[in-house]
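Peer 1: I am attaching a structure below and will ask some questions about it afterwards.
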Amino acid sequence: MVIKTLIGPVEIDVILKRLACQLVENHNDFKNTVLIGLQPRGIPLLERLTSILQSDYGVSNIPVGRLDTTFYRDDFRRRDEPLKANQTRIDFLVEGKRVVFVDDVLFTGRSIRAALDAILSFGRPHEIELMVLIDRRFSRELPIQPDYVGRQVDSIASERVKVEWDTEGAENKVSIVQIEGDE
Amino acid sequence: MNELSVDHLLGIKDVTENDIRLIFQTADQFKEVINRPIKKVPSLRDITIANLFFENSTRTRLSFELAEKRLSADVVNFSASSSSVSKGETLIDTVNNILSMKVDMVVMRHPNPGAAQFLSKHIDARIVNAGDGTHEHPTQALLDAYSIREKLGDLSGKKVVIVGDILHSRVALSNIFCLQKLGAEVMVCGPTTLIPKFIHTLGVRVEYNLDKALAWCDVANMLRVQHERMDIKYFPSIREYTMQYGVNMERLNRLDKEITIMHPGPINRGVEITSEVADSDQALILQQVENGVAIRMSVLYLLANRGLVSSGD
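Line by line, the protein sequences are chains X and H. All residue numbers for the first sequence refer to the working numbering, where the first residue is 1 and numbers rise by one. All residue numbers for the second sequence refer to the working numbering, where the first residue is 1 and numbers rise by one.
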């Protein structure tokens with residue numbers, strides 16, 4: 001397994017602040033906006049974003065939810081490893097709301113397709129936007145594109161983009177992992 | 001561990017503690033799903049499930065059917081009373097005919113113990129035992145244990161008494177296995193005629209006095225008196241049974257603690273428990289019914305996830 005660091009902690013800080021800034025530009029006072037982190041890996045990004053929105057822009061009352069898409073995936077029983085369901089927590093109505101999905105890496109687009117399906121179980125949003133930290137362009141299998149992108153990355157199928165957060169003494173980092181023996 | 005260790009759910013005896021915990025974890029997520037405005041997920045949309053009920057059932061069949069529909073599976077129903085079984089067709093022939101219609105999973109209730117086991121050896125589809133005679137009723141035991149866990153937390157060290165007709169009850173046997181696997185202590189209580197002779201070899205306590213049993217336990221699971229399974233008189237009269245083994249408020253008020261009351265249904269009101277108890281806050285009966293759908297969704301989902309069903313890949 002070969003590892004190459006793509007983005008370090010300083011640049012991640014800059015990216016997070018820019019993403020928060022873009023959100024503020026488009027959503028002003030967030031009166032009709034809800035943020036939904038996609039389980040499991042969209043949650044740390046969402047937490048950091050909301051913390052910046054609060055500290056830098058004084059926005060504190062945005063409804064925040066977490067959505068698990070396991071039951072909506074189209075690769076159920078077609079994967080090598082069975083999927084484990086995560087918790088969904090959306091304690092508000094999304095009917096008529098502007099929903100922003102937040103996830104760490106956009107790859108084939110299938111998770112987002114599942115998320116689009118899943119969110120409709122909670123009502124009919126006015127619009128849905130997508131924010132990702134990393135967009136693995138050229139690897140999409142569905143016509144899905146993000147509205148807010150931290151960084152675009154060119155990678156091939158046998159590589160994996162790994163996002164690590166500064167928990168338990170580690171630092172914010174995005175790296176590319178080459179999986180040896182992979183197809 | 002994201003996968004069950006078994007291909008079929010034939011009984012609690014065959015599954016591991018990890019399996020039970022995985023079923024509970026997944027049921028937690030499904031419980032959230034069934035409380036949404038749209039209570040349906042597309043997980044099993046390419047799966048066809050046959051509900052084969054060779055014995056009458058209302059709530060279990062409805063609960064399974066609802067679970068299947070909320071997972072978007074295609075459902076076919078079969079009941080023996082209106083079928084060729086009454087013309088003498090064998091179990092395997094009946095089921096093979098149904099499977100020729102490309103059914104992936106079978107939920108079966110049958111009056112004979114071991115029917116689900118027998119079937120699992122002869123057909124390819126996944127099988128969920130929805131009660132086989134006096135043997136096992138695994139999903140009922142799972143939803144009972146899940147409901148206790150929801151109310152009282154982890155089952156380890158909890159004391160549960162199963163009261164009533166243990167002899168004819170598949171719920172009792174599955175409950176004993178399930179609760180013990182999760183670390184609970186189990187007692188059975190009932191008239192001597194309705195307690196199987198060697199039940200203590202399963203590691204359960206036996207008590208014939210209901211008041212002593214209630215004083216010991218955290219949870220009392222009251223079983224229905226199954227008149228339909230009794231070919232002889234096991235106790236002198238319903239009135240006497242109720243006096244000895246029926247739970248009423250007076251009995252509960254005599255205890256120095258609040259215990260939780262459960263009942264797998266249907267209740268013979270005024271026999272096993274009084275209406276006052278059944279409708280009180282101490283009773284978990286309606287939660288059991290709600291949890292039943294989540295547990296059954298979880299079991300069907302996880303069994304389909306075993307990946308051996310014809311999915312076309």
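Just so you know, even glycine gets a beta-carbon here, dropped at the ideal spot from N, CA and C.
Is the CB of residue 38(H) under 8 Å away from at least one CB in chain X?
Peer 2: In the second sequence, counting from the first residue as 1, residue 38(H) sits at position 38. At least one chain X Cβ lies under 8 Å of residue 38(H).
Peer 1: Among the candidates 297(H), 292(H), 298(H), 7(H), whose CA atom is the shortest distance from the CA of residue 125(H)?
Peer 2: The residue given as residue 125(H) occupies position 125 in the second sequence. Closest option to residue 125(H), Cα to Cα, is 7(H).
Peer 1: Residues of chain H with CB under 7 Å from residue 122(X), in chain order?
Peer 2: Taking the first sequence and counting its residues from 1, one reaches residue 122(X) at position 122. Going along chain H in sequence order, the residues near residue 122(X) (Cβ under 7 Å) are 36, 37.
Peer 1: Which bits of chain X does residue 32(H) rub up against, with CB to CB less than 7 Å?
Peer 2: Along the second sequence, one-based indexing puts residue 32(H) at 32. Result: 88.
Peer 1: Chain X partners of residue 41(H), CB-CB under 7 Å?
Peer 2: The residue given as residue 41(H) occupies position 41 in the second sequence. Chain X residues near residue 41(H): 71, 72.
Peer 1: Please say whether residue 18(X) and residue 163(X) have beta carbons closer to each other than 8 Å?
Peer 2: What you label residue 163(X) is simply residue 163 of the first sequence in a count that begins at 1. What you label residue 18(X) is simply residue 18 of the first sequence in a count that begins at 1. For residue 163(X) and residue 18(X), no; Cβs fall outside 8 Å.
Peer 1: Does any CB atom of chain H fall closer than 8 Å to the CB of residue 76(X)?
Peer 2: The residue given as residue 76(X) occupies position 76 in the first sequence. It does: the Cβ of residue 76(X) has a partner Cβ on chain H nearer than 8 Å.
Peer 1: On the CB-based measure, 16 or more other CB atoms within 10 Å of its CB, does residue 60(X) come out buried or exposed?
Peer 2: The residue given as residue 60(X) occupies position 60 in the first sequence. By the 10 Å Cβ count, residue 60(X) comes out exposed.
Peer 1: What number of angstroms, rounded off, separates the C-alpha of residue 179(X) from the C-alpha of residue 159(X)?
Peer 2: Numbered from its first residue, the first sequence carries residue 179(X) at position 179. Numbered from its first residue, the first sequence carries residue 159(X) at position 159. Each residue's Cα considered, the two are about 6 Å apart.
Peer 1: When you check each C-beta in the region 2 to 18 of chain H against every C-beta of chain X, which residues fall closer than 8 Å?
Peer 2: If the cut-off is 8 Å between Cβ atoms, the region 2 to 18 of chain H has 2, 3 near chain X.
Peer 1: So what does DSSP say about residue 296(H), is it helix, strand or coil?
Peer 2: Here residue 296(H) refers to the residue found at position 296 when the second sequence is read from its first residue. Residue state, collapsed to three classes: helix.
Peer 1: With distances taken from CA atoms, which of 36(X), 48(X), 125(X) is nearest residue 66(X)?
Peer 2: Here the question's residue 66(X) lines up with position 66 in the first sequence. For the residues 36(X), 48(X), 125(X), the minimum Cα distance to residue 66(X) belongs to 36(X).
Peer 1: State the start and end residues of the unbroken beta strand (DSSP E) segment that holds residue 1(X).
Peer 2: As a first step, residue 1(X) is located in the first sequence; it is residue number 1 there, counting from the start. Premise fails: residue 1(X) is in no beta strand (DSSP E) and is neither H nor E.
Peer 1: Would residue 94(X) and residue 122(X) be called neighbours here (beta carbons separated by less than 8 Å)?
Peer 2: Here residue 94(X) is taken as the residue at index 94 of the first sequence, counted from 1. Here residue 122(X) is taken as the residue at index 122 of the first sequence, counted from 1. In contact: residue 94(X) and residue 122(X) (Cβ atoms closer than 8 Å).
Peer 1: Mind checking which residues open and close the beta strand (DSSP E) that includes residue 173(X)?
Peer 2: Position 173 of the first sequence, counted from the start, is the residue given in the question as residue 173(X). Counting along the chain, the beta strand (DSSP E) containing residue 173(X) begins and ends at 173 to 178.
Peer 1: Residue 131(H) and residue 170(H): beta carbons closer than 8 Å?
Peer 2: As a first step, residue 131(H) must be located in the second sequence, where it is residue number 131. As a first step, residue 170(H) must be located in the second sequence, where it is residue number 170. Yes.
Peer 1: Have a look at the DSSP bridge pairing and note the partners of residue 77(H).
Peer 2: For the purposes of this step, residue 77(H) is taken as the residue at position 77 of the second sequence. Answer is 51(H), bridged to residue 77(H).
Peer 1: Just to confirm, is the Cβ distance from residue 206(H) to residue 195(H) under 8 Å?
Peer 2: Residue 206(H) sits at position 206 when you count from the first residue of the second sequence. Residue 195(H) sits at position 195 when you count from the first residue of the second sequence. Their beta carbons are under 8 Å apart, which means residue 206(H) touches residue 195(H) by this criterion.
Peer 1: Taking 7 Å as the cut-off, is the C-beta of residue 72(X) nearer than that to any heavy atom in the ligand GDP?
Peer 2: You won't find the ligand GDP in this model; it holds no ligand whatsoever.
Peer 1: Determine the extent of the alpha helix (DSSP H) in which residue 118(X) is found, giving its start and end residues.
Peer 2: Locating residue 118(X) in the first sequence gives position 118, counting from the first residue. Start and end: 110 to 119.
Peer 1: Give me the Cα-Cα distance between residue 143(X) and residue 109(X), rounded to the nearest whole angstrom.
Peer 2: Along the first sequence, read from residue 1 onward, the residue named residue 143(X) stands at position 143. Along the first sequence, read from residue 1 onward, the residue named residue 109(X) stands at position 109. Their Cα atoms are separated by approximately 8 Å.
Peer 1: So which residues on chain X does residue 29(H) lean against when the C-beta distance must stay under 8 Å?
Peer 2: Walking along the second sequence from the start, residue 29(H) turns up at place 29. Within 8 Å Cβ-Cβ: 68, 70, 71, 85, 86, 87, 88.
Peer 1: Residues of chain X with CB under 7 Å from residue 26(H), in chain order?
Peer 2: By one-based count along the second sequence, residue 26(H) stands at place 26. The contacting residues are 85.
Peer 1: Pair every Cβ in the region 4 to 20 of chain H with every Cβ in the region 43 to 50 of chain X, then say whether three or more of these pairs are closer than 8 Å.
Peer 2: No contact exists between the region 4 to 20 of chain H and the region 43 to 50 of chain X.
Peer 1: Specify, as a first and last residue, the run of the beta strand (DSSP E) that residue 37(X) falls within.
Peer 2: Sequence index remark: in the first sequence, residue 37(X) carries index 37 (1-based). Residue 37(X) -> beta strand (DSSP E) spans 33 to 38.
Peer 1: If you measure from the beta carbon of residue 117(X) to each beta carbon in chain H, is any gap under 8 Å?
Peer 2: Mapped onto the first sequence, residue 117(X) falls at position 117. Cβ-Cβ to chain H under 8 Å: yes for residue 117(X).
Peer 1: List the endpoints of the continuous alpha helix (DSSP H) containing residue 133(X).
Peer 2: Here residue 133(X) corresponds to residue number 133 of the first sequence, with the count starting at 1. Element bounds for residue 133(X): not the alpha helix (DSSP H) but the beta strand (DSSP E), 127 to 137.
Peer 1: Taking the alpha helix (DSSP H) that residue 27(X) belongs to, which residues open and close that run?
Peer 2: Start at 1 with the first residue of the first sequence, and residue 27(X) comes out as number 27. 9 to 27 is the span of the alpha helix (DSSP H), which, as asked, contains residue 27(X).
Peer 1: Taking one C-beta from the region 87 to 106 of chain H and one from the region 142 to 149 of chain H each time, how about it: are there three or more such pairs within less than 8 Å?
Peer 2: No, the region 87 to 106 of chain H is not in contact with the region 142 to 149 of chain H.
Peer 1: Give me the Cα-Cα distance between residue 189(H) and residue 263(H), rounded to the nearest whole angstrom.
Peer 2: Within the second sequence, residue 189(H) is the residue found at index 189, counting from 1. Within the second sequence, residue 263(H) is the residue found at index 263, counting from 1. Cα to Cα, residue 189(H) sits roughly 14 Å from residue 263(H).
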